[in-house]
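Novice: Structure below; questions to follow.
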Amino acid sequence: MTSPPTDAAIARPSFLPLRERLATFRPGLLLSVAVLVVAALACVAPELLAPASPTDADPVAALLPPGGEHWFGTDQLGRDVYARVVHGARHSLLLGVGATALGVLVGLLIGLPSALLGRFADQVAMRSMDVMLALPELLLALLVIAVVGPSSVNAALAIAVSSVPGYARLVRGQAQVVRRAEYIRSAIGLGLRRRTVVLRHVVPNTLGPLVVPATLGVGTAIIAGSALSFLGLGPKAPTPEWGAMLAQGRDALQSAWWIAVFPGAAITLSVVAVTVVGRQLHIGLEGRPGR
C-alpha cells in the first residue's frame, strides 16, 4: 500500500518554477540590455538624459573635476563632459549600426550571386573578396578614408567596405547550403520559377544565420569608428564623439583623467553589451529544435 505524500513532498513542486527561473536568470544579459536601452535613448533623445549643451564652452569652468554640477567634470574649454558623452552616443553608435547594416547589405548583394550564378561569377567575386581580406580591416578603412575624405558618413562607409568580405563569404556559404536543401529541390520540382525560389526561400534562410555575426559586428564597428575619430578622421570639432573625446583627453590623463576615462568607459560598456547580447542570440539560436 502506497504511503500518503508528506507535506514536504507536496510543497516541493511549488519551488520548481522559481528554481527554473533562477537557473535561467542571467544578470549579465539583463544589464547589457539595460545599457543598450539607455544608449538607444541617448541616440534618439539625448536632451532627456543631458539637457546641457555639449558644445557650449565656459573657460571659467575649464577642467573642473566630477562633481554635483558637472557629473563627469569639464574639459579644457569648460564643456560638460557628461553632456558630450551622452550626445556623442548618437554619432558613435549610429556609425557602428549604419556601417554594419551597409556591410551586410553589400555582402548580401555579392554573396548571393556568387553562390547562385555559377562558377565564373563565384570565382570573380570571391577572388575580389580575397584581395580585400588580405588587408587588415582598419588599414582598408584608412585607404577608403584617404580616397573619399574624413567625415562621419565617410567613416561609416569605410568601415562598411572593410567588413564586406567577411559578410559576403558568410552569405555565399549559407546560400550554397540552402540551395542544396531538399525543400529547394522540391520547390523547383513543383514548377516554381527560380526567382520565386530565391526570394521566397533562399534569401530568408540565408539572412537568419547573419543575425549573430551582424550583432557582434556592431561592436567591432563601434571600436573601428572610435579609432578613426581618434585619428581625426571622423566628425569634425566641436561635434561630440567618443573616439575624438579620447584623443582630446589623452594629453591630460594625469591632470584631468575624466576627459578620456568617461568616453572610454562608454565605448567599453557599449561594445561589451552588444557582445553579450550577440553571444546570447548565438546560444539561443544554436539551442533551437531542429538546428
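Residues in the sequence shown are numbered consecutively from 159, following the numbering used here.
Note that the Cβ used here is the ideal one computed from N, Cα and C, for glycine as well.
1) With DSSP as the reference, label T232 as helix, strand or coil.
2) Going by DSSP, what residues sit across from D238 in a beta bridge?
3) Would you give the residue range spanned by the alpha helix (DSSP H) that T397 belongs to?
4) With a threshold of 7 Å (Cβ to nearest heavy atom), would G276 be considered close to the ligand PLP?
5) Quick check: what's the CA-CA separation for V319 versus L206?
6) Using 10 angstroms around the beta-carbon of E399, count the other beta-carbons present and answer buried if the total reaches 16, otherwise exposed.
7) Could you tell me if R237 is buried or exposed, where buried requires 16 or more neighbouring beta carbons within 10 angstroms of its beta carbon?
8) In angstroms with no decimal places, state the Cα-to-Cα distance between I346 and A339.
9) Mind checking whether A314 and L389 have CB atoms under 8 Å apart?
10) Is it buried or exposed, E227, if we count other Cβ atoms within 10 angstroms and call 16 or more buried?
11) Would you say the stretch 237-250 touches the stretch 276-294, given that touching needs at least three Cβ pairs under 8 Å?
12) In the structure shown, what three-state DSSP assignment does A431 receive?
13) DSSP three-state call for S387: helix, strand or coil?
14) Looking at L391 and P308, is the spacing between their C-beta atoms short of 8 Å?
Specialist: Inspection of the coordinates gives the following:
1) As a position in the sequence shown, residue 232 is number 74, starting the count at 1. Three-state DSSP puts T232 in a strand.
2) Residue numbering aside, residue 238 sits at position 80 when the sequence shown is read from its first letter. Per DSSP, T232.
3) Counted from its first residue, the sequence shown places residue 397 at position 239. Run containing T397: none; DSSP gives neither H nor E here.
4) In terms of ligand content, the structure shown is empty, and the ligand PLP therefore cannot be addressed.
5) One-based indexing of the sequence shown puts residue 319 at position 161. One-based indexing of the sequence shown puts residue 206 at position 48. Roughly 34 Å separates the two Cα atoms.
6) Along the sequence shown, read from residue 1 onward, the residue named residue 399 stands at position 241. By the beta-carbon neighbour count (other beta carbons within 10 angstroms, threshold 16), E399 is buried.
7) Numbered from its first residue, the sequence shown carries residue 237 at position 79. It is buried - the Cβ of R237 has at least 16 other Cβ atoms within 10 Å.
8) By 1-based counting over the sequence shown, the position of residue 346 is 188. By 1-based counting over the sequence shown, the position of residue 339 is 181. Spanning the two alpha carbons is a distance of roughly 11 Å.
9) Here residue 314 refers to the residue found at position 156 of the sequence shown. Here residue 389 refers to the residue found at position 231 of the sequence shown. The answer is no: Cβ separation not under 8 Å.
10) On the sequence shown, residue 227 is found 69 positions in, with the first residue counted as 1. Exposed.
11) no
12) As a first step, residue 431 must be located in the sequence shown, where it is residue number 273. Looking at A431 - three-state DSSP - the assignment turns out to be helix.
13) Position 229 of the sequence shown, counting from 1, holds the residue named residue 387. DSSP places S387 in helix when its eight states are reduced to three.
14) Taking the first residue of the sequence shown as 1, we reach residue 308 at position 150. Taking the first residue of the sequence shown as 1, we reach residue 391 at position 233. Yes; because the gap between Cβ atoms is below 8 Å, this pair is in contact.
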